[in-house]
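Protein chains in written order, with our numbering: chain A, 270 to 526; chain B, 270 to 526.
Beta carbons are placed, not taken as given, at the ideal position from N, Cα and C, and that holds for glycine.
This one's a predicted model, so the numbers in the text were calculated from it and none came from an experiment.
Here the structure comes first, spelled out in structure tokens, and everything after it is commentary.
2 protein chains.
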Amino acid sequence: MDIYKAICLDLDGTVYRGSEAIPEAIDFISSLQKNGIEPYFVTNNSSMTADQFSLKLSRMGIHTKNDRIMTSAIASANYCKEHFDGASVMMIGEQGLKDALTMEGFELTATQPDVVVVGIDRGITYKKLSEASLAIREGAHFIATNGDKAFPTERGLVPGNGSFIKLLETTTDKTAIYIGKPEPHMLHFIQQQGYRKEEMIMIGDNYDTDIQAGIRFGIDTIHVEGGVTNAKTVLKQLQQPTYLFENLNDWNKKGPQ
Amino acid sequence: MDIYKAICLDLDGTVYRGSEAIPEAIDFISSLQKNGIEPYFVTNNSSMTADQFSLKLSRMGIHTKNDRIMTSAIASANYCKEHFDGASVMMIGEQGLKDALTMEGFELTATQPDVVVVGIDRGITYKKLSEASLAIREGAHFIATNGDKAFPTERGLVPGNGSFIKLLETTTDKTAIYIGKPEPHMLHFIQQQGYRKEEMIMIGDNYDTDIQAGIRFGIDTIHVEGGVTNAKTVLKQLQQPTYLFENLNDWNKKGPQ
């Protein structure tokens, strides 16, 4: 267990399901913390702020600090800071993205931006989509917080940010730069806090996002069952996760000793 | 000139440009009408009603009847009548589509529809897109009035219905049935008014929609310059229009005698 210093956990499907905590994950996190390891939480959800995630986790008995929470919104803001520092930014998104961009010092504009950053926005309008299209066609950099096509609700799958990105790509004939998993950007920003890749591991329930992000970044991965991808489907993949767990209780049984 | 009984003209780019009439087209239509031929107007625009198009044309000096106007909204309603008569319909769209569907006797519903019909809707909301996604995934037939990816405004290209269809196709993993040009449905519904294909001709400025619709339906076509596709680009296409005109003055010079 001592090998890994940066233990990166996906949230929905791995630590909780909607508003319900996953007990084995809560136990696992608590035991890590007792051993002095503060894990990272890595989510494609760009709508909530780090504060909101902290609060949600604290209600499940997990106490963490904001610097351990890496959302696709925060990573998008970091990416813009790294590549387009001082640029004017047009945003489509919710509070999580707005906070992340303003915290990195970006001024948000409604016209002639250098960069357009698009995250899920359930207050979307035709005007917002038009303004973004015009700006992207005029040459603004085009950043997508994440490419998730749909996300689950009690009633079924509803449009995710990836579907809105597809709309804008279709209108503009330009391709977005994607930030969230399976792209490795979020893990890159965690590494920048001072880790070697051998010290990092990515844990998640979704092969196509969580496990692929780890593989592409070149770190160890753990797939856990009970979420998006089942073990049978994972076993058919060309690139396998380092470990295949039923749940996080397996850490002590099957995990790195 | 006597060969053709159903002369089908695209509107934007062929008869007018935005709010400006194209003089050669106005003269051509007027001369047809003097010879007792009432042309058809065939447009992918689903937002306006037949009445609104009649009014717009009358301001340019073209007087026509509503049964000569074939929009992608009217064709979508006709298609639903032909294939799903009596079905419950969920609609995303503007007045043109709403009128067309109610005129065919369809009751519009917000929940559990048999059919989802999607046209451009500049009052789009996340809720509308979610409801449509849920219904399509649950098995509702999925109809797109047209697949135009973008449309021109004074400021540039803004999202067209085809971009919203791409969004819904991405979310639902289903493919829409497209009604507008280049699909031949609108020409099919005109033919049903009592023509043989040899008596029909499609005239337009856009190779990919107007000319392709005519070719796919198997009727003669005329490409006119000054709109979306220029002659040089048309000449590179594998399938050529029957006639290549600079403008509709060429009807008497180059056209069928």
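In chain A, which residues lie less than 8 Å from residue i when you measure between Cβ atoms?
i	result
Phe433 of chain B	Leu436
Using C-beta distances below 7 Å, list every residue in its chain close to residue i, excluding the 5 sequence neighbours before and after it, in chain order.
i	result
Lys523 of chain B	Tyr512 and Phe514
Phe353 of chain B	Asp383, Val384 and His410
Met329 of chain B	Tyr285, Ala290 and Ile295
Val497 of chain B	Gly282, Asp474 and Asn475
Could you work out which residues of chain A lie near residue i, taking near to mean beta carbons separated by less than 7 Å?
i	result
Thr439 of chain B	Lys418, Gly431, Ser432 and Lys435
Arg406 of chain B	Gly425 and Leu426
Could you check which residue in the options has the C-alpha nearest to that of residue i?
i	options	result
Thr490 of chain B	B:Asp281, B:Gly392 and B:Ile472	B:Ile472
Ile412 of chain B	B:Glu423, B:Pro428 and B:Pro382	B:Pro382
Leu219 of chain B	B:Val427, B:Gly431, B:Leu436 and B:Ile488	Because residue 219 of chain B is not part of the residues shown, which for chain B are 270 to 526, the question remains open.
Glu517 of chain A	A:Glu407, A:Ile298 and A:Asp271	The question names Glu, but residue 517 of chain A in the sequence shown is Leu. The candidate whose alpha carbon is nearest that of Leu517 of chain A is A:Ile298.
Ala500 of chain A	A:Pro421, A:Lys274 and A:Asp477	A:Asp477
Gly425 of chain A	B:Thr441, B:Pro292 and B:Ala319	B:Thr441
Leu504 of chain B	B:Tyr395, B:Ser323, B:Asn475 and B:Lys418	B:Asn475
Gly365 of chain A	A:Leu377, A:Thr318, A:Lys325 and A:Ser357	A:Thr318
Ala346 of chain A	A:Gly330, A:Lys367 and A:Asp336	A:Lys367
Val427 of chain A	B:Leu403, B:Asp417 and B:Ala409	B:Leu403
Gln481 of chain B	B:Gly355, B:Gly282 and B:Leu507	B:Leu507
Pro421 of chain A	A:Arg286, A:Glu307, A:Gly463 and A:Lys334	A:Arg286
Ile306 of chain A	A:Lys435, A:Ile272, A:Gly483 and A:Glu407	A:Ile272
Tyr348 of chain A	A:Lys303, A:Met372, A:Ile405 and A:Asn335	A:Met372
Gly408 of chain B	B:Ala419, B:Tyr395 and B:Ala445	B:Ala445
Gly282 of chain B	B:Thr502, B:Glu438 and B:His492	B:His492
Glu351 of chain B	B:Lys334, B:Gly374, B:Ser288 and B:Glu363	B:Gly374
Glu423 of chain A	A:Asp320, A:Leu280 and A:Ser288	A:Ser288
Gln461 of chain A	A:Asp279, A:Arg337, A:Asn521 and A:Thr333	A:Arg337
Leu280 of chain A	A:Lys303, A:Tyr395, A:Ala379 and A:Ser315	A:Ser315
Gly483 of chain A	A:Glu467, A:Ser327 and A:Asn521	A:Glu467
Going along the chain, which residues of its own chain have a beta-carbon closer than 8 Å to the beta-carbon of residue i, five neighbours each way excluded?
i	result
Ile361 of chain B	Val385, Val386, Val387, Gly388, Asp390, Ile393, Lys397, Leu398, Ala401 and Phe433
Glu376 of chain B	Ser357 and Val358
Ile459 of chain A	Ala275, Cys277, Tyr309, Val311, Met339 and Met469
Leu324 of chain B	none
Lys334 of chain A	Glu307 and Ser323
Leu436 of chain A	Leu398
Gln321 of chain B	Gln364 and Gly365
Tyr464 of chain B	Lys274 and Ala275
Thr378 of chain B	Ser357, Val358 and Met359
Run down chain B in chain order and give the residues with a C-beta less than 8 Å from the C-beta of residue i.
i	result
Leu403 of chain A	Arg424, Gly425, Leu426 and Val427
Starting from residue i, find everything on chain B with Cβ-Cβ shorter than 9 Å and list it in chain order.
i	result
Ile393 of chain A	Ile393, Thr394, Tyr395 and Leu398
Spatial neighbours of residue i within its chain, please: C-beta separation below 6 Å, excluding the five flanking residues on both sides.
i	result
Ala369 of chain A	Ala342, Ile343 and Ala346
Glu293 of chain B	Asn516, Leu517 and Asn518
Asn313 of chain B	Ser341, Asn415, Asp417, Gly449 and Lys450
Ile331 of chain A	Ile298
Arg406 of chain B	Thr441
Ser300 of chain B	none
Phe486 of chain B	Pro453 and Leu456
Lys443 of chain B	Ile405 and Phe411
Query raised in the report: Residue ranges of each alpha helix (DSSP H) run of no fewer than 4 residues wholly in the stretch 314-366 of chain B, ordered along the chain?
Result: Segments of the alpha helix (DSSP H) lying fully in the stretch 314-366 of chain B: 319-328 and 341-353.
Requested in this report: Would you be able to state if there are at least three C-beta pairs under 8 Å between the stretch 445-463 of chain B and the stretch 511-518 of chain A?
Outcome: The stretch 511-518 of chain A, when compared against the stretch 445-463 of chain B, does not touch it at the 8 Å Cβ threshold.
Query raised in the report: Where are the beta strand (DSSP E) runs, 3 residues long or more, that stay fully inside the stretch 389-464 of chain A, in chain order?
Result: If we require 3 residues or more, the beta strand (DSSP E) runs fully inside the stretch 389-464 of chain A come out as 410-413, 419-422 and 425-428.
Query raised in the report: Are three or more beta carbon pairs between the stretch 431-439 of chain A and the stretch 403-421 of chain A nearer than 8 Å?
Result: In short, these stretches touch, since the Cβ pair count reaches three.
Query raised in the report: What are the uninterrupted segments assigned as beta strand (DSSP E) that are 3 or more residues long and contained completely in the stretch 276-312 of chain B, given in chain order?
Result: Taking only runs of at least 3 residues, the beta strand (DSSP E) segments lying wholly in the stretch 276-312 of chain B are 309-312.
Report task. Note down, one range per segment and in chain order, each beta strand (DSSP E) of at least 3 residues found wholly within the stretch 483-521 of chain B. Result -> Counting only runs of 3 or more, we get 489-493 and 512-514.
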